[in-house]
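Residue numbers (UniProt numbering): 1 to 426.
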């Protein structure tokens, strides 16, 4: 999935993990286009003046901002920030581009990287100093339009987890102290990790209100009142943290367990039954049969490959592909060829099944779909087993100590938020 780099908190994404990000991007891009969102790109560098214009916003990010202070041996007259997020980089341009009600709604997304110089212990995918994400930034005439989009995007993020990653999520709203700095409110999708008994933030969609438009003078001429009005804004994003959440939720003692819809290889064909007594013609016939099977799987729409390496035993290959989490392993040997069959092994359950060779493609397509449903059902069952509805404080703390997710009345006031955090931490 990754390799380590010589800068702490930075990781190399190898093709096995980057392909998952590609699948997420391939899902989201057409969905964004349906909502009228266009792609663009802003520079990674942000001027100090722009970054510091929104004091509340930057206060949350200040400890994590990386700064460019020198060019070669010369000190820069003004330090330049490496973007921790792009609101302050993009909104001066929005103020130029949005002049009339005809320019609204304005919807822009960018796929990029950001740098947040975390001081906490870095973890691959979950807490890294550089990560990939998409960030959408939109502007509207009315608060209602903006609020509608916040939830549309949140639904898309939930679909990423449920339809691609086979992970159930809970949609909700962040507390005042947990919301995005500078936002009116933040919505989130949260996944549950059984091993730790904790929820983990999956993606966020923020309503910024007019906080940034007032700071950056993003105004338009209202056709009805003939007055200049500030726009209402949203920002929203999902990151490569998704990959880490997937690993935590589905992984087991043997390694990764990849949901079929995001696996770079959905089925791997492994030739078996070749011995020292096998002739060259027998070996060739088996490999040719395996290659024909791979072609049939590809024709059925399955991302398939064959493992024809002759310096590893079939048993070694089985363990290798289990570790990598490939959803289905297909075994084919001389006896299988003679009987017109193949053996398919499901990574998720370990179940082994014999399939007729002439319908193997169709059967494995169905198996991959069943696998997604089974993985989602298991993750849902694991989560719901730790889901508690409580109305009394003594029940609240007791359930929390058992690492349950709690559904409880909450007024939303900061004083109550503080009390819950303080009292439940005892």
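Note that CB positions come from ideal geometry on N, CA and C, so glycine has one too.
Since this is a predicted model, take the numbers as computed values, not measurements.
- Sequence-distant partners of residue 65 (beyond 5 residues in either direction) whose C-beta falls short of 6 Å from its own C-beta, in its chain, are 81 and 84.
- Using a Cβ distance threshold of 7 Å, residue 11 and residue 128 count as a contacting pair.
- Counting along the chain, the unbroken alpha helix (DSSP H) around residue 421 starts and ends at 414-424.
- Secondary structure note for residue 321: its alpha helix (DSSP H) is the uninterrupted segment 314-324.
- Between residue 199 and residue 192 the beta-carbon gap is near 6 Å, inside 8 Å, which marks them as a contact.
- Taking residue 336 as reference, the option from 318, 358, 323 and 325 with the minimal CA-CA separation is 358.
- Short of 6 Å from the beta carbon of residue 113, and not among the five residues preceding or following it, lie these beta carbons of its own chain, in chain order: 130 and 132.
- Assignment of beta strand (DSSP E) within the region 177-213, counting only whole runs of 3 or more residues, yields 185-193 and 198-209 in chain order.
- Per DSSP, the beta-bridge partners of residue 67 are 81.
- Annotated three-state conformation of residue 353 is strand, per DSSP.
- Contact fails between the region 170-181 and the region 116-126, because fewer than three Cβ pairs, one in each stretch, are under 8 Å apart.
- Beta-carbon to beta-carbon, residue 327 and residue 406 are separated by about 34 Å, too far to satisfy the 8 Å threshold.
- The alpha-carbon separation between residue 221 and residue 234 amounts to approximately 20 Å.
- In the three-state scheme derived from DSSP, where H, G and I count as helix and E and B as strand, residue 358 is classed as helix.
- Non-local C-beta neighbours of residue 244 in its own chain, meaning closer than 6 Å and more than five positions away in sequence, comprise 125 and 126, ordered along the chain.
- Every beta strand (DSSP E) stretch that sits fully inside the region 227-252 and reaches 3 residues is listed by chain position as 228-230 and 232-239.
- When C-beta atoms of the region 41-52 are compared with those of the region 294-302, fewer than three pairs fall below 8 Å, so the two segments do not count as touching.
- For the pair residue 185 and residue 241, the Cα-to-Cα distance works out to about 22 Å.
- Here residue 147 carries a helix assignment [DSSP, helix/strand/coil].
- Segment contact: the region 138-146 against the region 99-106, three or more CB-CB distances shorter than 8 Å; contact assigned.
- For the pair residue 341 and residue 354, the CB atoms are nearer than the 7 Å cut-off.
- Residue 262 is a Cβ neighbour of residue 164, given a cutoff of 7 Å.
- In this structure, the alpha-carbon of residue 404 lies about 15 Å from that of residue 421.
- In the structure shown, the three-state DSSP call for residue 118 is coil.
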